[in-house]
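Beneath this line is the structure, given in structure tokens, with notes to follow.
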Amino acid sequence: MPRLATRTLIGAFVVAGLTALSSPAYASLPADVAPDSPAAPTVEAPVELDALAAGGWSRLAGTDRFATAVAVSREYSSGVPVVYVASGENFPDALSAAPAAALQGGPLLLTARDSLPTIVRQAIEDLAPSLIVVPGGTASVSEAVYNELATLAPAIRRDAGADRFATSRAVNTAAFADGADTAFIAAASNFPDALSASAVAGGTGSPVLLVNGGAPSIDSQTLALIDQLGVTSITIAGGTAVVSSGIQNQLSNAVGSSNVRRLAGDDRYRTSQAVNRGSFDASPTVYLASGNGFADALAGAALAGRHHAALYVIPGTCVPDYDIADMRSLGMTKHVLLGGPVSLSSAVESLTPCAAPPAPPTPPTPPAPPANPGDTKNCGDFATWREAQEWFDRYYPLYGDVAKLDQDNDRIACETLPGHL
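Using the UniProt record's numbering, read the sequence shown as starting at 1 and increasing by one per residue.
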């Protein structure tokens, strides 16, 4: 799979994009409720540090998941070719939509199932897309919301199937009608692994195909789509616990084992590192998303993919030291946080390393074995056979029959004492 080198493009993009964020055209957006209500969704002003040598950063965030996606969408100019609008209440439909949106040069916005947030509607009007694509059926985005979206663009399309796997196929069939050399495979039930993969896929013009990772084999429809798209190279995001070895074997049969690779780590954060390490040679701008919630990162995956930038899934309160080392090796000069302080704390702004895990407790020292009693005992020293046998059993494994209490070598001591049957 081609690796991504983006040193010039991304460095220029972020500065320009952050300028656009403060432009008058985006000075205010209508809220879903009264402006003085604490529940009114708003987009936070961008925050930026000029001292790139110390690590410049910015944050794309709003007061909820819908407003955060709007904040990300402001990185796009008006007149975009397409806007994808996916459910903000569940993640599978949007995972395949993110690289599709990146490929087609449009943002990914989120909606509630039964109502289109006013802030999202206003963002779509500002973006003035030629086409709106809704991934997922009416269980994800209702017909009423779809009909409202239809008034906001010259054309609209719903890419949907009977389940999340069929919806993934529908999204990719439409978006990658011209085919794709490479594809990513991710479990539909595991959003962290797919998020980093979605960003990489968007940058390489690759689909993300969602599968039932726990199944022993891949469904025939997805195999058929791989063949239809002309895919010759496949990357699996995640370990065998999320995408089975049986699925990998089938993919190897389809495109050749040398053309299938698995990028995985011990947990979601290590898998994100593995995906980025296996895909990028340079990424001056890096996107950071919380691995504890999917919503903030979905729109960011489309943006990162469009601009060929790495997206790292991290804990919300710190950055793993291994990620920091990798980001430096990619030539990072700026990091962009996706989501507000509840998702990514101020410690992430300064790339505060996560504390090392505590060392495992030292196992207790086993008690010292009893000293060798020698031949200091004889059967007459015990009142009962049971007492003699307990003494014998305590010392025999360590020193043998040192007191010569077992006269016939049957490991029964002092058989003449009271109590022996």
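Beta carbons are placed, not taken as given, at the ideal position from N, Cα and C, and that holds for glycine.
Give every residue of the same chain whose Cβ lies closer than 7 Å to the Cβ of residue i, excluding the five residues on either side of it in the sequence, and list them in chain order.
{"i": "G374", "result": "V402"}
{"i": "I324", "result": "L351, P353"}
{"i": "P216", "result": "S244, G246"}
{"i": "G205", "result": "L103, A180"}
{"i": "A155", "result": "S130, L131"}
{"i": "A347", "result": "T317, C318"}
{"i": "N276", "result": "S196, A310, Y312, D326"}
{"i": "S198", "result": "L95, A98, P99, V208, A301, G305"}
{"i": "residue 461", "result": "Outside the modelled stretch of the chain, which goes from 1 to 421, sits residue 461, for which no answer is possible."}
Can you tell me whether residue i is helix, strand or coil according to DSSP?
{"i": "S87", "result": "strand"}
{"i": "S37", "result": "Residue placement at S37 cannot be trusted, given a pLDDT of 34 that sits under 50; the coordinates are not used to answer."}
{"i": "D193", "result": "helix"}
{"i": "Y76", "result": "coil"}
{"i": "G326", "result": "Here residue 326 is Asp; the residue named in the question, Gly, does not match the sequence. Note: D326 maps to helix in three-state DSSP."}
{"i": "D227", "result": "helix"}
{"i": "A113", "result": "Here residue 113 turns out to be Arg, not Ala, going by the sequence shown. Coil at R113, not helix or strand."}
{"i": "S220", "result": "helix"}
{"i": "V242", "result": "coil"}
{"i": "S28", "result": "Note that S28 scores a pLDDT of 30, beneath 50, so its modelled location is shaky and nothing firm can be said."}
{"i": "L421", "result": "coil"}
{"i": "P235", "result": "Looking at the sequence shown, residue 235 is not Pro but Thr. In this structure, T235 counts as strand in the three-state DSSP scheme."}
{"i": "A53", "result": "Bear in mind that a pLDDT of 33 at A53, under 50, signals an unreliable position, so the number given afterwards is only what the model happens to contain. In this structure, A53 counts as helix in the three-state DSSP scheme."}
For residue i and residue j, I'd like the C-alpha separation in whole angstroms.
{"i": "A160", "j": "G203", "result": "24 Å"}
{"i": "A388", "j": "D408", "result": "15 Å"}
{"i": "L152", "j": "L337", "result": "29 Å"}
{"i": "Y395", "j": "P370", "result": "8 Å"}
{"i": "L49", "j": "L288", "result": "The predicted model places L49 with a pLDDT of 32, which falls under 50 and marks its position as unreliable; any figure quoted below should be read in that light. Their backbone Cα atoms lie some 16 Å apart in a straight line."}
{"i": "S77", "j": "P129", "result": "10 Å"}
{"i": "P24", "j": "A295", "result": "Residue confidence for P24 is low, a pLDDT of 29 falling below 50, so the modelled location carries little weight and cannot support an answer."}
{"i": "S245", "j": "A254", "result": "14 Å"}
{"i": "T384", "j": "H420", "result": "8 Å"}
{"i": "T68", "j": "P341", "result": "12 Å"}
{"i": "R169", "j": "S189", "result": "16 Å"}
{"i": "T222", "j": "I234", "result": "13 Å"}
{"i": "V171", "j": "S345", "result": "34 Å"}
{"i": "S258", "j": "T232", "result": "10 Å"}
{"i": "Q248", "j": "G238", "result": "11 Å"}
{"i": "residue 442", "j": "D267", "result": "A query on residue 442 cannot be resolved here, the shown segment of the chain reaching from 1 to 421 and no further."}
{"i": "A299", "j": "P363", "result": "47 Å"}
For residue i, which residues of its own chain have a beta-carbon under 6 Å away from its beta-carbon, when the five flanking residues on both sides are left out?
{"i": "G179", "result": "L229, G230"}
{"i": "S272", "result": "S196, Y312, V313"}
{"i": "M327", "result": "V286"}
{"i": "G79", "result": "A128"}
{"i": "F91", "result": "F191, F294"}
{"i": "G213", "result": "A187, V242, V243"}
Short of 8 Å in beta carbon distance, which residues of its chain neighbour residue i, apart from the five on each side in sequence? Order them along the chain.
{"i": "A274", "result": "L263, A264, G265"}
{"i": "P81", "result": "Q104, G105, G106, P129, S130, L131"}
{"i": "S142", "result": "R113, D114"}
{"i": "C379", "result": "A388, L405, A413, C414, T416, L417"}
Unbroken stretches of the alpha helix (DSSP H), 4 residues or longer, contained in the segment 127-212: 143-150, 164-175, 191-204
Within the segment 248-309, ranges of the beta strand (DSSP E) (whole runs, at least 3 residues): 260-263, 280-282, 285-290
Every unbroken alpha helix (DSSP H) inside the segment 342-418 [4 residues or more]: 346-349, 385-399
At least three beta-carbon pairs within less than 8 Å, the segment 311-327 to the segment 117-124: no
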